[in-house]
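Here the sequence shown is numbered in this note's numbering, starting from 11 and rising by one per residue. One structure is given below, encoded as structure tokens.
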Amino acid sequence: MILVMKPAASQSQINKIIEKLETLSFQVHRSTGVNYTILAALGPERELNLQSLTQMEGVERVFHTDKPYKLAARQFKPNGTVIEIGPVRIGDQTPVVVADVSHFKSLEQIEKTAKALMDCGIHMLRWGSSRVEENLRAQKQPNDLALRQISQIARIQNFVIVAAVSDHTELEFMGGHADIFQIGAHNMQNADLLRAVGRMGKPVLLERAVAAKMEDFLLAAEYVMSTGNYSVILCERGIRSFDDYAPLLFDVGLIPAIKALSHLPVLANPSYVVGRPDHLAAVALAGIAAGADGLVLPVAADSGEILRSNLPALGTKALKELLDRVRVLSRGLRRRPFHEASTV
11 MILVMKPAAS
21 QSQINKIIEK
31 LETLSFQVHR
41 STGVNYTILA
51 ALGPERELNL
61 QSLTQMEGVE
71 RVFHTDKPYK
81 LAARQFKPNG
91 TVIEIGPVRI
101 GDQTPVVVAD
111 VSHFKSLEQI
121 EKTAKALMDC
131 GIHMLRWGSS
141 RVEENLRAQK
151 QPNDLALRQI
161 SQIARIQNFV
171 IVAAVSDHTE
181 LEFMGGHADI
191 FQIGAHNMQN
201 ADLLRAVGRM
211 GKPVLLERAV
221 AAKMEDFLLA
231 AEYVMSTGNY
241 SVILCERGIR
251 SFDDYAPLLF
261 DVGLIPAIKA
271 LSHLPVLANP
281 SYVVGRPDHL
291 AAVALAGIAA
301 GADGLVLPVA
311 ADSGEILRSN
321 LPALGTKALK
331 ELLDRVRVLS
341 RGLRRRPFHE
351 ASTV
């Protein structure tokens with residue numbers, strides 16, 4: 011159930027509505043915009059007399075929603091969600107880029123490439139299970155050393171760190187270094203992990219599982235948001251296909267559909283659906299044209315490198331060329347262009 015408060019509703023009136031709903035065993039989530047406060051009430055709607063709520067002071071309208079997701083629905087935040095972290099704003103019509111550096115062999119490579127990424131206007135690094143960690147383990151170094159060192163590089167150069175998490179036992183340590191937690195596609199329906207990550211209070215990047223319908227995807231976001239953490243970013247990375255060329259199919263049609271149904275930002279990761287680095291740009295641009303708020307792109311130390319995971323990656327020169335094309339496309343779509351480094 012969604013309650014829209016009048017623009018002139020006082021804090022006292024809003025609090026009375028919340029108190030009434032809570033006494034009726036509803037869990038209430040609040041979204042305050044420029045003009046309206048919206049309350050999403052999760053609970054036993056069938057037993058409630060809507061007219062009694064509509065007649066309360068400060069209430070403009072009350073309506074049921076038949077969608078199983080309430081907090082992720084656009085009605086909860088009609089103007090959309092913008093997530094601001096350091097120099098980055100996700101969801102404000104300016105495309106952002108997350109550079110995946112998980113496959114680099116050494117911290118020296120990452121540090122060198124980070125400077126080039128900054129020159130391109132990129133301010134986000136994605137970090138997951140990596141070759142650097144494997145090399146450090148071979149040298150009998152602590153398992154968490156790589157992330158600590160990446161964190162130091164990021165802080166010096168003002169990067170936002172997106173860290174992949176696969177188990178709730180990793181959260182406490184990662185919480186001290188990561189700005190955004192990423193839930194991979196294979197964990198999209200891990201309800202316990204979704205709630206645990208949500209309770210950390212940091213933004214969550216949630217990947218779509220390869221066999222998940224759009225409703226399943228939004229329900230997974232709902233699990234995170236039910237903890238009171240509304241900073242969820244969705245990521246389309248491909249669904250199962252029957253083509254030998256690529257095991258996954260980029261579901262470009264999902265992006266505008268989700269933008270219509272949900273207020274959450276959406277990123278596109280084209281790396282799982284193409285077999286060659288020179289095909290990455292075409293699919294990435296398709297995602298931006300469809301309305302994606304940004305891209306997740308594997309970055310290679312060497313141009314045209316195929317990573318050990320068989321994912322294609324872009325060298326910094328090819329990445330810069332792609333971002334130039336993203337700027338041109340954004341202007342054509344009347345969106346704000348991808349940030350130049352000097353404008354951030």
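Idealized CB from N, CA, C, for every residue including glycine. Note that this is a predicted model, so its numbers are computed, not measured.
Residue i versus the options, residue with shortest Cα-Cα distance
| i | options | result |
| --- | --- | --- |
| Met-235 | Thr-91, Asn-59, Ala-219 and Arg-99 | Thr-91 |
| Ala-83 | Gly-68, Phe-114 and Ala-50 | Ala-50 |
| Met-15 | Ala-270, Gly-325, Thr-123 and Phe-86 | Phe-86 |
| Phe-227 | Ile-171, Glu-67 and Ala-267 | Ala-267 |
| Val-262 | Leu-271, Gly-297 and Leu-290 | Gly-297 |
| Val-44 | Ala-19, Val-38 and Leu-31 | Ala-19 |
| Leu-127 | Asp-102, Leu-157, Val-170 and Ile-100 | Val-170 |
| His-289 | Asp-303, Ala-328, Leu-271 and Leu-277 | Ala-328 |
| Ile-249 | Leu-332, Lys-330 and Ile-265 | Ile-265 |
| Lys-125 | Ile-243, Leu-52, Ser-176 and Arg-165 | Arg-165 |
| Ile-95 | Val-242, Ser-251 and Asn-89 | Val-242 |
| Asn-89 | Phe-73, Ser-112 and Ser-41 | Ser-41 |
| Glu-225 | Gln-65, Glu-32 and Tyr-79 | Tyr-79 |
Cβ-based burial, residue i [other Cβ within 10 Å; buried from 16]
| i | result |
| --- | --- |
| Gly-342 | exposed |
| Asn-59 | exposed |
| Asp-189 | buried |
| Val-142 | Only weak support exists for where Val-142 lies, its pLDDT of 47 falling under 50; the coordinates are left without a value. |
| Val-338 | exposed |
| Asn-392 | What the structure shows of the chain is the stretch from 11 to 354, and residue 392 is not part of that stretch, so it cannot be assessed. |
| Ala-270 | exposed |
| His-133 | buried |
| Glu-180 | buried |
| Ala-230 | buried |
| Ala-311 | buried |
Neighbourhood of residue i by C-beta distance below 6 Å, restricted to the same chain and skipping five residues each side
| i | result |
| --- | --- |
| Asn-279 | Cys-245, Arg-247 and Val-306 |
| Gly-68 | Met-15, Lys-16, Ala-19 and Gln-23 |
| Arg-71 | Val-14 |
| Gly-185 | Met-210 |
Rounded separation between residue i and residue j - CA only
| i | j | result |
| --- | --- | --- |
| His-273 | Tyr-240 | 10 Å |
| Phe-36 | Phe-191 | 29 Å |
| Val-108 | Leu-295 | 15 Å |
| Ile-28 | Tyr-255 | 53 Å |
| Arg-218 | Ser-340 | 25 Å |
| Ala-299 | Asp-334 | 14 Å |
| Ala-174 | Phe-114 | 15 Å |
| His-178 | Cys-130 | 34 Å |
| Ser-34 | Ala-292 | Contrary to the premise, residue 34 reads as Leu rather than Ser in this sequence. Cα to Cα, the separation comes out at about 52 Å. |
| Leu-321 | Val-283 | 9 Å |
| His-209 | Glu-232 | The sequence shown places Arg at residue 209, rather than the His named in the question. For Arg-209 and Glu-232, the distance between alpha carbons rounds to 13 Å. |
| Val-172 | Ser-62 | 45 Å |
| Thr-75 | Lys-223 | 19 Å |
| Gly-325 | Thr-123 | 9 Å |
| Ile-100 | Leu-52 | 27 Å |
| Asp-303 | Pro-347 | 11 Å |
| Ala-195 | Leu-215 | 10 Å |
| Val-98 | Ser-161 | 17 Å |
Own chain partners of residue i with C-beta closer than 8 Å, once the 5 adjacent residues on each side are dropped
| i | result |
| --- | --- |
| Gln-159 | Leu-117 |
| Arg-205 | Tyr-233, Val-234, Ser-236 and Thr-237 |
| Arg-345 | Gln-103, Thr-104 and Pro-105 |
| Ile-163 | Leu-117, Ile-120, Glu-121, Ala-124 and Phe-169 |
Bridge partner(s) assigned by DSSP for residue i
| i | result |
| --- | --- |
| Val-276 | Leu-244 |
| Ile-193 | Val-175 and Leu-216 |
| Arg-136 | Asp-110 and Val-172 |
| Pro-88 | Per DSSP, none; premise fails for Pro-88. |
| Gln-37 | Leu-52 |
| Ala-83 | Ser-272 |
| Leu-332 | Bridge partners of Leu-332: none, in fact. |
Neighbourhood of residue i by C-beta distance below 7 Å, restricted to the same chain and skipping five residues each side
| i | result |
| --- | --- |
| Asp-110 | Arg-136, Val-306, Leu-307, Pro-308 and Val-309 |
| Gln-149 | In this predicted model, Gln-149 has a pLDDT of only 49, less than 50, meaning its place in the structure is not dependable enough to derive any value. |
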